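Counted the way mature numbering (1 follows the signal peptide of the UniProt record, and there is no 0) counts, the sequence shown spans residues -34 to -1, 1 to 449.
Using N, Cα and C, we set each Cβ at its ideal position, and we do this for glycine too.
Just so we're clear, the structure is a prediction, and the values are computed from it rather than from any experiment.
Data block below; observations after.
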Amino acid sequence: MTRNDKGFYPHYRILLPLLILPVLSLFMNQAAQADTAAVKGEKQDIDKSLASTMPIADKKTDMSAPLPSLPPIENFPHANPVGQPYYVPQAVNRHIGHQYNWGVFNRGNGEAAGFGPVGRYGVAAWAEDWSDLRDPKNRKDPFDFLKYVPLNKSGSLWISFSGETRFRNWFETKPQLGTQKINNSGRFGIRNLYGADLHVGSHLRFFAQIVNADASGWNVYGYNATYKKTLDLQQAFVEVKGTVLGAKSGIIIGRQQFLDAPSYMLYNRETPNVPLSWNGFRSYALWSRFRVDGWYFVGTNTDKQAVFHGNQDYDTRLYGFNSTWAPPDFSFLGQKGYSFLDAFYIGYRLTGKLGAISAPNNKSSQGTDIRNNFGIRWHGAAGPIEFSLGAIWQGGSFRYAGTDRSRNVNAYAINSIVGYRFPKNPLRLFAGIQSDVYSGGNAQKHQGASGAISRPLIPKPIISTQRPILRRPTLSAWHRLSD
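Right, dumping it as C-alpha cells:
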C-alpha cells in the first residue's frame, strides 16, 4: 500500500480499534472447534428433530429424509445454486443455522423465503433469528451473549447486535478489458458494518446499521462513494409482523437491504465496500407452499465526504412483486427432489448515468430509462443435481434528456445453471455449467425499439462492459466473480 491515495490515511484512527475483531474471531473459531462433544450432541438433536418433524413414508420412496451425508451449513452462503446446497432440509437450517421459521422456504440457503441467503449468518443481518438463545442451553459460542440480550424478565423485549469487519485485497491486470489507462492495479478495501436489532414482543422490531469504509492500493482507479464512506446510516427500519389469513405476514418500512429477486437481476453489491440500500417499504406473506412479496423503493445517495449524509435518491426507483410456489416433492434417481417456481415483475426507473444507453462512437446518451421486467424462474434440486432456469422479457421506454424524443424497449434474457454437487467430497465441490443469453442493441441507431438488455443492479462479471452495447444474443459460460 502506498500513499498515492491520501484519502485513506485521515480515517485510519476510526479503523484501528476495529482491527481487534478478526483476532477475536480466531479465538471464537478455536473455541467452537474445541467443543467437539457439543457438536456431537447437536447432530443427535438434529436427527431427533428430523425424525419428529418429517412424515413417515415408505423407506424406498421417503423423499423427506435427508441425504446420507448432509452438507454443512455455511457461515456466509452465497446465492444458489452455487452457494449452500439446496438439499439441506429446513429442520437442519433451523437447528444449526439462524433462519426464521419459513417452513419449506428454509431449504437450501433459505433465499426462497425472500430475505437473501442465510446460513449461520445472513447476507442481511436482520434476516437472522437468534431467539433460540433465550434458552441458555443453546448458547455455545463465545459471542452468543451479544446475539441475545434480554431487556426484561420474560425475555419478550430483547436486542441482538451484529458486526462485520471485512478486509479485501485483489490485483487486476488490464482493468476493465484494457479500457483504463493503467495496466496493473493492486486494490485494497476495508469496511465495517455494525447493527442492532431490537425486538418488542413477537410483532414489532426496530433495526439500525451503520457503515464505515475506506480503500487504497497502488495504481488505483474507480474509487467512489461505494468504496469510501466516513460514517453513515446503512439501514434503519421498523417491521410489524403477525399472522394474516393463515400467512406469516409483515411490512418493513425504512432504509433496508432488498434481496427478493434472482441474483442475476439484483443483488447486494458485495465487491465494493458499501452495499446497496433502499428507502421505502416491502410487504410479505408466506403460507405453507406459497408466498408473495411487494415493494416500492427509491435508492440511497452516498457522500464519502460527509457524516450521516446519505439521503434518498429519487432518480433511482425500484418497484414490483415476487411470488413463489413450492410444488410437491418428487424423486429423481432414487433420491429426494424439490423445487421452487418464481413469477415476478421487477420495474426500475433510472435517470442520469445509471440509466444511460449506448450511442455512436463509443459514447452514451443520458436520459430517463424505465424498464419493466416480467420473468419466471424454476430452481431447486433433483437428487445431487442442482439447477436454476430463468427467462425475462424486458419492456419499457427511454426518453433522451432535454428532448421529447423517446424509444421503446424490447429485450430479453435467458439465464441457467445446472450442476452436480459432490456430497462426500471434503471440499463440497460443485461442478456445473452456466449459460446467459442476452438480447443486444445497436449503438449506431437512435430510433426504433432498443433491444439492449439493462441490468444495472447486478454483480457485473469481469468480462462485461459497463453499458449494454452487445449487438447480438450472446452465450457465455463464465461465473459472476465481482460487482
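- Ranked by Cα distance from Met231, the options Gly313, Lys113 and Tyr366 are led by Gly313.
- Counting every other CB atom within 10 Å of its CB across the protein chains shown gives Val210 a total below 16, marking it as exposed.
- If you compare the alpha carbons of Gln301, Asn149 and Phe340 with that of Pro228, the shortest gap goes to Phe340.
- Straight through space, the alpha carbons of Ser324 and Gly121 are spaced by roughly 57 Å.
- In this structure, the CA atom of Asn46 is about 20 Å from the CA atom of Phe298.
- For His61, there is no enclosing beta strand (DSSP E); the enclosing alpha helix (DSSP H) has its first and last residue at Gln56 to His61.
- Residue pairing by DSSP puts Val273 in a beta bridge opposite Leu197.
- The three-state secondary structure of Val70, taken from DSSP, is helix.
- According to the DSSP assignment, Phe353 belongs to no alpha helix (DSSP H) but to the beta strand (DSSP E) extending over Ile351 to Tyr366.
- Gly208 and Ala251 have their C-alpha atoms spaced approximately 10 Å apart.
- Taking C-beta separations shorter than 6 Å and ignoring five residues to either side along the sequence, the partners of Tyr311 in its chain run Gly286, Phe287 and Phe340, following chain order.
- Judged by their CB atoms, Gly265 and Asn245 are nearer to each other than the 9 Å cut-off.
- Taking the Cα positions, Pro141 is about 36 Å away from Gly346.
- Cβ-Cβ distances below 6 Å link Ile62 to Ile39 in the same chain, with the five nearest sequence neighbours on each side left out; the list follows chain order.
- DSSP places Gly265 in no alpha helix (DSSP H) but in the uninterrupted beta strand (DSSP E) bounded by Phe256 to Thr266.
- Glu138 is positioned such that its CB atom lies closer than 9 Å to that of Arg153.
- Taken atom to atom, the span from the alpha-carbon of Phe296 to that of Pro55 is near 14 Å.
- The residues Arg373, in chain order, have a CB closer than 8 Å to that of Gln413 in the same chain once the five nearest residues on each side in sequence are set aside.
- In this structure, Gly49 sits near Asn75, with a CB-CB distance shorter than 9 Å.
- Annotation: Lys140 is outside any alpha helix (DSSP H) and is labelled neither H nor E by DSSP.
- Note: Lys214 is bridge-paired with Thr209 and Leu252 in the DSSP secondary-structure output.
- For Leu112, the uninterrupted alpha helix (DSSP H) segment begins and ends at Asp110 to Lys113.
- For Leu307, same chain residues with a beta-carbon under 6 Å away, outside a window of 5 residues either side, are Trp291 and Trp344 in chain order.
- For Asn104, the three-state secondary structure derived from DSSP is helix.
- A Cβ-Cβ separation of about 35 Å leaves Ile351 out of contact with Val375 under the 8 Å criterion.
- As computed with DSSP, Ala397 is found in a beta bridge with Tyr386.
- Nearest to Gly398 by alpha-carbon distance, out of Asn408, Tyr386, Pro392 and Ser405, is Tyr386.
- About 11 Å separates the Cβ atoms of Gly161 and Phe172, ruling out a contact at the 8 Å cut-off.
- Of the residues assessed, Tyr233 falls on the buried side of the cut-off, its CB having 16 or more other CB atoms within 10 angstroms.
- In this structure, Asp163 is the residue among Leu242, Asp163, Gly212 and Tyr187 with its C-alpha nearest to the C-alpha of Val204.
- Gly129 and Ala367 have their C-alpha atoms spaced approximately 42 Å apart.
- Residue environment for Ile342: exposed (fewer than 16 other C-beta atoms within 10 angstroms of its C-beta).
- Assignment of Glu94 by DSSP, reduced to helix, strand and coil, places it in the strand class.
- Judged by their CB atoms, Phe274 and Trp261 are not nearer to each other than the 9 Å cut-off.
- Scanning Gln360, Ser363 and Gly356 for the CA closest to the CA of Gln400 turns up Gly356.
- Counting the other CB atoms within 10 Å of its CB gives Leu170 a total below 16, which places it among the exposed residues.
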